Amino acid sequence: MKPTQPVVEDVLPLSPLQEGILFHSRMEREAHRLYVAQLTVDLHGPLDRELLKTSADALLRRNANLRTVLTHRRSGEPIQVVRRDMPLAWEHIDLRALGPQAEERAAQLTDEDWARGVDVQRPPLLRFTLITLGTNRHRLLVTAHHLLLDGWSFALLLRELFTLYEHRGAPSALPPARPYRDYLAWLGKQDRAAAERGWRTALDGIHEPTYLAPAGGTPAHPLPDDVAVRLTEEATSALMDQARRSGLLLTSMLQGAWAVLLGAATGQDDVVFGSTVSGRSAELPGADAMIGMLINTVPVRVRLDPAAPLHEVCARIRDQRAGLLVHDHLGLTEMQRLTGSPVALFDTNVVFDNFPMSDNVLDLPDAGLEADIAFRDTTHFPLTLVVEPGERLGLRLNHRSELLDRTRVKALGARLVWLLGQWIAAPHTLVGELDTLTARERERILVKWNGTDRLVPRATLPELFRAQAERTPRAPAVVFEGQRLTYRDLDIRSDLLARRLTAHGVGPESVVAVAVPRSAELVVALYAVVKAGAAYLPIDPGQPAARTETFLADGRPALALTTREAASCLPAGQLPVLLLDAPDADAARPPGGVTGSLPALAPDHPAYVLFTSGSTGRPKGVMVSHAGIVNRLAWMQEQYGLTADDRVLQKTPAGFDVSVWEFFWPLLHGATLVVAAPDGHRDPGYLASLIRRESITTVHFVPSMLRMFLQEPAAARADSLRRVVCSGEELSPEIQNLFFDTNYGVALHNLYGPTETAVDITSWDCLPDAGTTVPIGRPAANTRVYVLDGRLRPVAPGTAGELYVSGVQLARGYIGRPGLTAERFVACPFAAGERMYRTGDLVRWTAEGVLEFLARSDDQVKLRGFRIEPGEVQAALARCAGVAQAATVIREDRPGDPRLVGYAVPAPDAAVVPAAVRAELAARLPEYMVPVAVVVLDALPVTANGKLDRAALPAPTYRAAGGGRALRTADEDILCGLFAAVLGVPRVGVDDDFFDLGGNSLLAMRLVARIRTALGTEPGIRDVFTSRTVAALAARLADTGPARPRLNR
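Using UniProt numbering, read the sequence shown as starting at 1 and increasing by one per residue.
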């Protein structure tokens, strides 16, 4: 090269896909592993190594775009600069001395080269490695960043390389290269406005992205993994024949099957995924022979109509793609902008491997060589389906294993093959009738994981208690403050009261209201009611009168048991009242006395009625049979095994279902029931003292109360505990770990169940430091659980669905509400003649058959067109630094302006800064799931039952945009100007959020470039996402090193 010849040969803009690749390459922490491709060529025969190197250098000189450096203009616009002096990156490694071990070492070197990746900030972006294994055995590695080459171009590059080799490196052996600049020029002439109109129409109405991988988290970026499946020759032939008969191409058919699979995996009926298109338009002469990055990724949107056959869905995809083909040049970021989406529309991509090489073999007869070829590459997508045509159709699922584990991806591959098999066998099957689970998966989910059959006696609560009272008549049964009742005492007193009730006409199918404060008398009353054959209906004397009136109106009790003090809570004159503490109880007896026998009672008769909140605001009364609660208690005894040495604390208000097992479980097995004082359940100090004083071994807490109890200093002295049961709320890993840190050797059990079942229907034995979520476990005895989609079809492990429950523990229904009962208790499609209850809870199976709770389905909201589960945001908020408790709600403090708001309670000695919490959440969650405000509270408000009182959460205070503190440094002043210039707004305040003002990924790249020029320092792209304000970014820049040197011509 002459000294006077300029270093820079050309300056080129980036194509839309190159801009996207560059963004992701700079955004990710392990960027050198993203968008890297490696071609492995095993050469057999005599090889002139120096000639091959010369040919590679000639190839580099021939194709200018292989010599590019990525940089930017002063405006921040990214560009690629072609350098004349770019050296050939060539390395030769001779392994001949290793003999038989050469093959193993070559494989290691290949993987090391792959793991090394390519750093876009450290050119060259293309390198060659020649490994000599023997005299006539060599391996050539060609590794490049996809900014330079697409897959098609790799094949062309290889052909050009060996054509040059066959002609001694003479450039004249090849026709003049069609420069990459011609493609960029053609791209610039396309009708952008028409393309925007076309894509805006195609993507109109998309309300949410289609994601397979979980949202949030910081990718660790290990090397990608592959799961490969291959159809048989017979299946491939049948599939192609079916496609031809339906007038379809293989591409449309595979895309249709993938859409159905995505719909089943996400629960969406309007799905989007990516499709890689060649970009080699027939309008561009010589495009097929051009080396460079010409491909583009475009969205494929599929509306899944359950009433349409799959071939119709595929035909619509074919027609959609045909209509958009002329617009495929538009960048994916621009397409996303047209939808108004602040996040990517999809996280899976479909690629059809149609490189101009057949069977991965390169024909080199003139060179005297045989060549076997292997190709692999990476992208930022969590999952890419690569379709490999051939006599046996190949389906390769390339995935990022830190986001989607291999087990799940293998299952997806098996389901895809299963779907294609159904289409071959019955092409007119409706989408809604296609089974997306394999037969083996269906058997495992519906049968194996629900294998809960147990032999439980057909008995009632009174029968079981009487039997225990006969076995241990003198044993302590009930302890309340200074009062003690033996089993005989309780049996006699409850018998006497039961006969008084039957004398008043109470019997099976009757309901008796019980308005008695927590006490030994309350225990006697409950046992008396069930002995009389009736179902007890607890009334909290302290609840609002209107709520009590609703309970009585729907429950229609025959009479009420109460005390003189509590009687005032009952509406006067509405029903007969029996006072437990009347001065002369005998005077209240009816003329016939109370000596008659108690009525016969069947397991199907109701045992209790509990009211629970309704979505309409009206409580609903749940009626549960003896069979249901007896099964529940028998299963609990089988699991946890109470003995006569156990002492169980009764502290849950009687109106809540946990109290049912507290009242009855210990007294069916010879243990002692210790009753807490009224309102004692609210006081952690009192509970700790009572547990220690009474040697309590078994206690229940809702998780929020468990946290408070563990933070009570006296709790450390409650060393008699053997087991703690949690239910009623989601148990967080943080509380679980706090428990084990505080209570070494004590078992913690996480139980789950709606009031519409006999208390709990799943259980999980907790373990210390056991992951990021605490499962709700596996189903109880004689209980079956189903995770179903909107069409009542089972969903795959890892897929969210609504939880349905069937089995003996189901409630009889809602008392006095037949319509609501029919709506929530539906026919079970998996067991003839059985019902199942729709819980409204979203859960998922793990691969091991364990249930994980996700959120309430009716908490689901949409903001800015995106579906949000507040429970997921709450879990992320609870994991933020310094946060002890968290809650999230959707607030609409101004009509028409709903907002996601987070609430955080700091851990002891921790300071929670809302801006820092939002920044931490932004690193874990999609932008649209980050609360607009985080309110710091001393404590979360709770209801009488210890659950979160959402209505009492305060409204956040918002600061006006553009306000905030004054500038403090010159850097902040410069950054405010750069923010405004890049965003195209008149001014930006020091605390204004870059993304709230319209920033996006591409503008973030330009901002980084402008900062580099103006301040001589260069933050990472991720820094703009995590430090979103001028103030935060200025602070971040203090820790950022100097910028890379600018490229000089």
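For glycine and all other residues, C-beta sits at the position ideal for the given N, C-alpha and C. Values in this document were obtained by computation on a predicted structure and should not be read as measured data.
Ranked by Cα distance from residue 374, the first of 941, 43, 1026 and 725 is 43. Going by C-alpha positions, residue 349 is about 60 Å away from residue 509. Of the other Cβ atoms in all chains shown, 16 or more fall within 10 Å of the Cβ of residue 169; this residue is therefore buried.
In the three-state scheme derived from DSSP, where H, G and I count as helix and E and B as strand, residue 689 is classed as helix.
For residue 348, the enclosing beta strand (DSSP E) covers residues 348-352.
Under the three-state reduction of DSSP, residue 108 is assigned to helix.
When secondary structure is reduced to three states using DSSP, residue 1032 falls in the helix class. The three-state reading of DSSP puts residue 483 in strand, counting E and B together. Here residue 715 is buried, its C-beta having at least 16 other C-beta atoms within 10 Å. Non-local beta-carbon contacts of residue 791 in its own chain, meaning distances under 8 Å to residues more than five positions away in sequence, involve 306 and 432 in chain order. Here residue 966 has 990 as same chain residues with Cβ atoms under 8 Å from its own Cβ, once five neighbours each way along the sequence are excluded. Under the DSSP assignment, residue 529 falls outside any beta strand (DSSP E), being part of the alpha helix (DSSP H) whose first and last residues are 520-531. Under the three-state reduction of DSSP output, residue 404 falls in the coil class, being neither helix nor strand.
Rounded to the nearest whole angstrom, the CA to CA distance from residue 127 to residue 424 is 45 Å. Rounded to the nearest angstrom, the gap between the Cα atoms of residue 197 and residue 285 is 26 Å. As the crow flies, the alpha-carbon of residue 605 is around 33 Å from that of residue 852. Taking 3 residues as the minimum length, the beta strand (DSSP E) runs contained wholly in the stretch 691-715 are 698-701, in order along the chain. For residue 163, same chain residues with a beta-carbon under 7 Å away, outside a window of 5 residues either side, are 173 and 174 in chain order. A contact between stretches requires three or more CB pairs, one per stretch, nearer than 8 Å, and the stretch 3-23 fails this requirement with the stretch 121-141. Contact between residue 982 and residue 1007 holds: CB atoms are separated by about 5 Å, below the 8 Å threshold.
The distance from the Cβ of residue 84 to that of residue 9 is about 5 Å, consistent with a contact at the 8 Å cut-off. A direct Cα-to-Cα measurement between residue 249 and residue 407 gives close to 30 Å. Residue 382 and residue 211 have their C-alpha atoms spaced approximately 9 Å apart. Annotation: the continuous beta strand (DSSP E) that includes residue 385 extends over 383-388. By the beta-carbon neighbour count (other beta carbons within 10 angstroms, threshold 16), residue 455 is exposed. Partner residues in the beta bridge of residue 38, as assigned by DSSP, are 143 and 376. Counting only residues of its own chain and dropping the five nearest sequence neighbours on each side, residue 279 has a CB closer than 6 Å to the CB of 294, 295 and 296. Across the structure, residue 138 and residue 47 are spaced so that their CA atoms are roughly 8 Å apart. Counting C-beta pairs with one atom in each stretch, the stretch 514-523 and the stretch 667-678 have three or more that are closer than 8 Å, which means they touch. In this structure residue 744 is exposed. Its beta-carbon is surrounded by fewer than 16 other beta-carbon atoms within 10 angstroms.
Inter-segment contact for the stretch 619-637 and the stretch 692-703 is absent: fewer than three beta-carbon pairs are separated by less than 8 Å. DSSP, read as helix, strand or coil, puts residue 73 in coil. A distance below 8 Å separates the beta carbons of residue 36 and residue 377.
Residue 327 counts as buried, since no fewer than 16 other beta carbons sit within 10 angstroms of its beta carbon. Bounds of the alpha helix (DSSP H) holding residue 462 are 461-471. Of the residues assessed, residue 255 falls on the buried side of the cut-off, its CB having 16 or more other CB atoms within 10 angstroms.
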